[in-house]
Structures are given as C-alpha cells and as structure tokens.
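**Q** Going line by line, the protein sequences match chains A and V. For what it's worth, the numbering used here labels the leading residue of the first sequence as 5, then goes sequentially. For what it's worth, the numbering used here labels the leading residue of the second sequence as 5, then goes sequentially.
There are 2 protein chains.
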Amino acid sequence: MMELTDMIKDRIKLVNDNIVPSIQADVPALQDAMRHYPVAGGKRLRPVMALVVSAAVGGNDEKTLPYALALEMTHNFTLIHDDLMDHDSLRRGRKAVHVLWGEATAINSGDALFALAFRLLAKVEVGHAVFLEILEDFSRMVQGIAEGQQLDMDFEKMKKVTEEEYLIMVEKKTALMFQYAAKGGALIGGGTRQQVEAMSEYGRLLGIGFQIWDDLLDIEADEEALGKPVGSDIKNGKRTLAAVWALENLDGANKEAFLKAYGNQNATKEDMAGAVEAMQKGGAIAYAKKQALAYAEKSKELLGVLSPSKEKDILLYVVDYMVNRET
Amino acid sequence: MMELTDMIKDRIKLVNDNIVPSIQADVPALQDAMRHYPVAGGKRLRPVMALVVSAAVGGNDEKTLPYALALEMTHNFTLIHDDLMDHDSLRRGRKAVHVLWGEATAINSGDALFALAFRLLAKVEVGHAVFLEILEDFSRMVQGIAEGQQLDMDFEKMKKVTEEEYLIMVEKKTALMFQYAAKGGALIGGGTRQQVEAMSEYGRLLGIGFQIWDDLLDIEADEEALGKPVGSDIKNGKRTLAAVWALENLDGANKEAFLKAYGNQNATKEDMAGAVEAMQKGGAIAYAKKQALAYAEKSKELLGVLSPSKEKDILLYVVDYMVNRET
C-alpha cells in the first residue's frame, strides 16, 4: 500500500509542479485570481485519475499531462463560479475568489481559466479523430456541469426533490468530470474501445459515490480538517441524498428535529446537532452511506477490463480513498 | 451595392437559421437563458466576417458555418457575463439575462454557451495542424477578451489612463474577436499563409476602429435606434478614446462642463448635454472619429492580398459599415 500511495503522490506532485506555471495572464490581478485556488492545492483527484487510467491502458504521464492539467483548470474554474453562485466564502481554508477580488473578477477569472484549459487540450498529441472525440467530450462535460449546477440551484426552490432527480443532478454536476477524466485518460493512453467505455463508466459510478460521500462530510466531518464550515448544506436546505431520504422517510421526533434546522439560516448549534442526530437515528446517514458504497463497489467491477498492473491497483485503492475518506 | 448587401443578408440569415437550434440544454431555464441574446438577433458581424473571409480566399459557407456559429456563441457568452459585470440591464432592446434569470443563472448560462462553442468548433473539417491552430487561437482569443474586460474594469478605478493603455484594452476586449473571425475564416477557406496573416491584421485593425466608433455611439447616437440607454459611459466614467482625450486636452469651460457629468451617477440631462457639447466643441469627438476612420482605412489596405471577388468587395464595404454606422 505504501508503494501505491507514493505512486499517487508522485502524480500529485507532477500536477502541482505544472499547474501554476501553466496559468499565465497579461493582467496581474486576473492572473492572481486565476491561480488562487490552484495554488492552494486540493486533492487533484481528477488529473490523477486521468494520469493513472492512461498508464493502466499502456499510456504515460508525459503524454497525458496536458489533458490532466486541462481537467484541473476546468475544475478550478467551476469552483470559482460555483462559490460565487452559492455564496460560499471559504475554499480550501482560504477566502473565496469573489470575496478577495470581487464578483466581477471572479466571473472573469473563471472564464479565463476555462479558456486556458482548451489551450492545454490543444497540446494533447493524439490522432485527429481521437482528438475531436476528446474535445467534444470536454465540451459536453462542461455544459453538463453547468446543467447540474442549475438543477442544484433550482432544487432549493422546489418543494420536493426525488432521489432520481437528485441522482441526475449529481451525475451532471460531479460525476461527468470523473467520467471524462477516466475516459480521456483511456483514449490518450491508447486503450481499446472496450477499455475506454469501461473506464468512462468506472469514473461515472465513482463520481456519483464520491458526491454522496462528500455531502455526508458536510454533515459529520471535522470542520478544521475539512477546511470549510460544516453543516451549511443543512442550513441552506440543500438537497443531498441524506436530506432527500430524510424528508421522505423520517417521522415523529426525528422529523421534527430535522425540519427545525433544515433550510433554517437561523438554526442554532443545538438545532444543528439535533438535526444530525435525527438523521443518524432515523437512518438517513446510513442509507446515504450504503448507496455511496454501492456505487463504489460497482465502479470496482469495471476494472476487470484492465490487465494486472500497479496502476490498476491504484484505481482500486482510489475508490476506497474517494468514498471512505474523512476530509 | 444592392447585390453586396443581399449577399450579407443571406449570410446573416444563414447564421440566424442555425444559431438557435444549435443551442440545446437539458435544463429548460438554462436553455432559455442561453438563447435569450442569440434569439434577439444582433448584427452577426463576427460570424459574417468569418464566412465572407473564407469565401474570399476560396472557401465556402457550409465548411465555415460551425466556426461562425462558435464565434457568435462565444460573443453572446461574453455579452451575458459582461452585462452582469458592468451592471448593464438592457441589451438589444431587451432585459439582460441577469435581470430576467438572476445572477447565478447568468454566470451559468454564459459558461454553458462557452462550452457549447467548442462543440461547434469540433465540427470544423480541416486538417489536424490547422485545427489545432484554430483551437489555440480560440483559446487565446477568449482569455484575451477576459483580460480586456479586466483592464476595462480596472481603468474605472485608475486616476489616469493613457491612450496607449486604452488601445491595449480595446485590442483585447474587442479587436481580438474580429481578428480571429477573419483569421479563422482564412484558415478554414484554405488561404495562403500571407492571406491568413493579412486577414488577421485586417480584423484586428477593423476591430479597434469599430470599438472607438461604438463608444462614440454611446455619446451621440439616438437612444431608441440603438436599443440601449445613451450616455451611460460618461456617467460611469468609462475610459473611451474620446474621454481619455478629453481628460488630457480639454480646458476652461469645456473641461468644467465635461467633468461635471463624467463619472457622476447623479448627472442631470442638462449636465450630460453640456458634457457632450464640450466634447464636441473641444475636439474630443472629432479626434476619436479621426482615429476610428484611420484604423478603418489601414484595415482596407490589407485587402490587397485578395484576388478580386464579390467577397472582397463586401469586406471593403463592411469596413465603412462598421466604422461609419449610426446604430
């Protein structure tokens, strides 16, 4: 296991060493805003997934790096815009871009990062047909992320959101990027069509499990370790899987305690603790955990298309890391 | 001349017929917001320029159309975000996207339109090397537009902006898109390298002249014909060429009258009329007009690389249309 984590760390370092120097702009304030989140680190899950999948089907890091960087830039562009849209003021333990530079520069620096991502994409050295597939996928991915964000915002105004609607939103907002991280890695690495499709599905399922788990961290994680406030989803009435399930299935005192804090910006610490306890006792947390782990298990099955390799082992390990983490 | 305007109208119709059906999204509110400006029309200057330049070097409309649509989508994405950043509430005689759908959906629908533009770009059928050049140019173009927008916003907070700084801003914010409209058209049409470079410069110079002229319309145009309020640049203290020149060169009563309205949100109708009169009497308007027309004339000289054709005549005609229009 030690060796696997070292192999992941090497790829995180590769991304870290290259991402910030790749972000150049003629206007200093814009460049600073564009670099603010990428400098702060982050887990680099998406670029690492592209690199490891590529290697697992016979590719190498050098050839896949521009694609990995394009993914990470795009991820960071969506974070800048999402934090502004969602009025989140903290990210990775630092003030959000729109808090530090204002809303206009946040919009603008996100746009510039997104534009820059396509310049990285243009450095991917593959045949023309594969290149066009990657470009189309990338475009679909970002449009899908915007659609997912839109659904997420619309859900806050809807009386009832079904589990099915929640899953469509999560698939778009989060899973698409893992799906195309894995698919793009497989395409650039020269995988067979069967491997490309299986890796695409691996990323999709893992992405859904990851988001369900991520939402659970907002309920149960340690605030300091997470680097951002915990419980804001409950206060904001956000439709997470645990909340959707709780709204449908809690009853009696549990329902009452949950509703006292859910969607209530003025909820006290006690209200919040009561809501979390109700979700635990009533089974909402357990249900969401079970679902997240089920997606994780299904994603592992897809790895059967890969020949044995250290990278295959990493992709197996990554599933447990992403859907069983504490921060 | 009748025949030329008909040829332009045919290409505007080609863009109009194809742009809205090309904008599809799974989430209805997002799709509506994405289509709001494209449906309302606009002059379609950028896509028409790409189509006409392509034909002028031997290409055809069918092959160039996806690129033309990608340009128009990108232009509309920047309008959505710019209107939000600049707090402009009217566009093409209609309420701005952020006014109708809110700020979050405005950010999001702009992002989605931008993503979609790259899907159109992927439909351009050219060789791989040319394709990569087009993609890189497109990425540089959009990042440059963001840099220009950033400079434009920064200028409002600066005590003094020189004419040189103003020109850098205009080149990025406006001229880049005309530059790459013309260059992309020439590349897709199969022009020689000399033609590609000359068309790139033609678009750049014309774009600068266009923006200087466009800023003059905000001072002198008829409000109803323009479809948006006139004079807001003066009230907002925006750095236009006429204003930069006025700040540097007006004196006495003209200077006083200009400063009474410039950057003053509470300026009365009389203050505004006084400022415009001062810019006219003091020579600021005449100076900006002269500069715009000089860029226009220089852009015409670049057309020498083209063999005689109806399309060449259109490109000549377009210069006068863009830099001598009243709306």
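Cβ coordinates follow ideal geometry from the N, Cα and C atoms, glycine included. Predicted model, so just to flag it, every value in this text is computed and none were measured.
Taking Cβ-Cβ distances below 8 Å as the criterion, which residues of the stretch 61 to 80 of chain A are in contact with chain V?
**A** Against chain V - using a Cβ distance shorter than 8 Å - the stretch 61 to 80 of chain A contributes no residues.
**Q** Could you name the residues of the same chain whose beta carbon sits closer than 7 Å to that of serine 204 of chain V, not counting the 5 residues immediately before and after it, in chain order?
**A** Correct list, in chain order: Gln183, Ala186, Lys187.
**Q** Which term fits proline 42 of chain A, buried or exposed, when burial requires 16 or more other beta carbons within 10 angstroms of its beta carbon?
**A** Buried, by the Cβ-count rule.
**Q** Rounded to whole angstroms, what's the CA-CA distance from lysine 176 of chain V to leucine 73 of chain V? Just pull it up for me.
**A** Using only the alpha carbons, I get a separation of about 21 Å.
**Q** I'd like the list of long-range same chain contacts for leucine 254 of chain A, defined as Cβ closer than 7 Å, with 5 residues on each side in sequence excluded.
**A** Once the five neighbours on either side are set aside, the close Cβ partners of leucine 254 of chain A are Phe262, Ala282, Gly286, Ala288.
**Q** Under 8 Å between C-beta atoms, does asparagine 22 of chain V make it to chain A?
**A** Output row for asparagine 22 of chain V: interface = no.
**Q** Is the stretch 85 to 102 of chain V touching the stretch 166 to 175 of chain V, taking contact as three or more C-beta pairs under 8 Å?
**A** They do not touch, by the three-pair rule.
**Q** For alanine 250 of chain V, collect the residues of the same chain with a Cβ closer than 7 Å to its Cβ; drop the 5 residues on either side in sequence, then sort them by chain order.
**A** These residues qualify, in order along the chain: Phe262, Met283, Gly286, Ala288.
**Q** Short of 7 Å in beta carbon distance, which residues of its chain neighbour lysine 293 of chain V, apart from the five on each side in sequence? Order them along the chain.
**A** The residues are Leu220.
**Q** Taking DSSP as the reference, what is the three-state secondary structure of arginine 329 of chain V?
**A** The answer is coil: DSSP assigns arginine 329 of chain V none of H, G, I, E or B.
**Q** Which of helix, strand or coil does DSSP assign to leucine 94 of chain V?
**A** Of the three classes helix, strand and coil, the one that applies to leucine 94 of chain V here is strand, per DSSP.
**Q** Compute the Euclidean distance between the alpha carbons of glycine 148 of chain V and histidine 85 of chain V, then round it to the nearest angstrom.
**A** Approximately 15 Å, taken between the alpha carbons.
**Q** Grab the span of the alpha helix (DSSP H) containing serine 303 of chain V for me, first residue to last.
**A** Here the alpha helix (DSSP H) through serine 303 of chain V covers 288 to 305.
**Q** Does glutamine 199 of chain V get closer than 8 Å to chain A when you measure Cβ to Cβ?
**A** By this cut-off, glutamine 199 of chain V is not an interface position.
**Q** Establish whether the CB of glutamate 179 of chain A and some CB of chain V are separated by less than 8 Å.
**A** The question names glutamate, but residue 179 of chain A in the sequence shown is alanine. No, alanine 179 of chain A lies away from the interface with chain V (no Cβ there is under 8 Å from its Cβ).
**Q** What does the alpha-carbon distance come out to for the pair isoleucine 318 of chain A and glycine 207 of chain A?
**A** Approximately 14 Å between the Cα atoms of the pair.
**Q** Less than 8 Å between CB atoms is the rule here; does asparagine 112 of chain V satisfy it with respect to chain A?
**A** At least one chain A Cβ lies under 8 Å of asparagine 112 of chain V.
**Q** Taking 8 Å as the threshold (beta carbon to beta carbon), is methionine 157 of chain A in contact with chain V?
**A** Yes, its Cβ sits closer than 8 Å to a Cβ of chain V.
**Q** Please state if the CB of leucine 124 of chain A and the CB of phenylalanine 81 of chain A are separated by a distance shorter than 8 Å.
**A** Cβ atoms of phenylalanine 81 of chain A and leucine 124 of chain A: not closer than 8 Å.
**Q** For a contact meaning CB atoms closer than 7 Å, what does alanine 296 of chain V contact in chain A?
**A** Neighbours of alanine 296 of chain V on chain A: none; closest Cβ ~24 Å, over 7 Å.
**Q** On the three-state DSSP scale, how would you describe lysine 242 of chain V?
**A** It is coil, neither helix nor strand.
**Q** Hey, is the stretch 19 to 37 of chain A in contact with the stretch 153 to 167 of chain V, meaning 3+ C-beta pairs nearer than 8 Å?
**A** Output reads yes: the stretch 153 to 167 of chain V touches the stretch 19 to 37 of chain A.
**Q** Going along the chain, which residues of its own chain have a beta-carbon closer than 6 Å to the beta-carbon of lysine 264 of chain A, five neighbours each way excluded?
**A** These residues qualify, in order along the chain: Asp275.
**Q** Thinking phenylalanine 142 of chain V and phenylalanine 122 of chain A are a contact (beta carbons under 8 Å), I'd like their distance in whole angstroms, please.
**A** Rounded, the Cβ-Cβ distance is 7 Å, consistent with contact.
**Q** Taking CB distances under 8 Å as the criterion, tell me whether serine 143 of chain A reaches chain V.
**A** Yes, because at least one Cβ of chain V sits closer than 8 Å to the Cβ of serine 143 of chain A.
**Q** According to DSSP, is lysine 187 of chain V part of a helix, a strand, or is it coil?
**A** Helix at lysine 187 of chain V.
**Q** How long is the line joining the alpha carbons of tyrosine 299 of chain A and valine 327 of chain A, rounded to whole angstroms?
**A** Taking the straight line joining both Cα atoms gives about 9 Å.
**Q** Name, in chain order, the residues that DSSP records as bridge partners for lysine 99 of chain V.
**A** Partner(s): V:Leu94.
**Q** So the alpha helix (DSSP H) isoleucine 149 of chain A belongs to, where does it begin and stop?
**A** Note, isoleucine 149 of chain A: alpha helix (DSSP H), 132 to 159.
**Q** Work out the CA separation of tyrosine 325 of chain A and isoleucine 216 of chain A for me, nearest whole Å.
**A** Answer to the nearest angstrom: the Cα atoms are 14 Å apart.
**Q** Since methionine 77 of chain V and leucine 120 of chain V are thought to touch, with beta carbons under 8 Å apart, how far apart are those beta carbons, to the nearest angstrom?
**A** At roughly 6 Å, the Cβ-Cβ gap stays under 8 Å, so methionine 77 of chain V and leucine 120 of chain V are in contact.
**Q** Using only alpha-carbon positions, find the residue among V:Met145, V:Thr272, V:Ile192 that is nearest to alanine 29 of chain A.
**A** Closest by alpha carbon: V:Met145.
**Q** Is the beta carbon of lysine 314 of chain A closer than 8 Å to that of methionine 11 of chain A?
**A** Yes.
**Q** Between the C-alpha atoms of leucine 49 of chain V and tyrosine 71 of chain V, what's the straight-line distance to the nearest angstrom?
**A** Answer to the nearest angstrom: the Cα atoms are 13 Å apart.
**Q** In three-state DSSP terms, what is asparagine 253 of chain A?
**A** The answer is helix: DSSP assigns asparagine 253 of chain A an H, G or I state.
**Q** Is the beta carbon of tyrosine 266 of chain V sitting closer than 8 Å to the one on isoleucine 238 of chain V?
**A** Yes, the Cβ-Cβ distance between tyrosine 266 of chain V and isoleucine 238 of chain V is below 8 Å.
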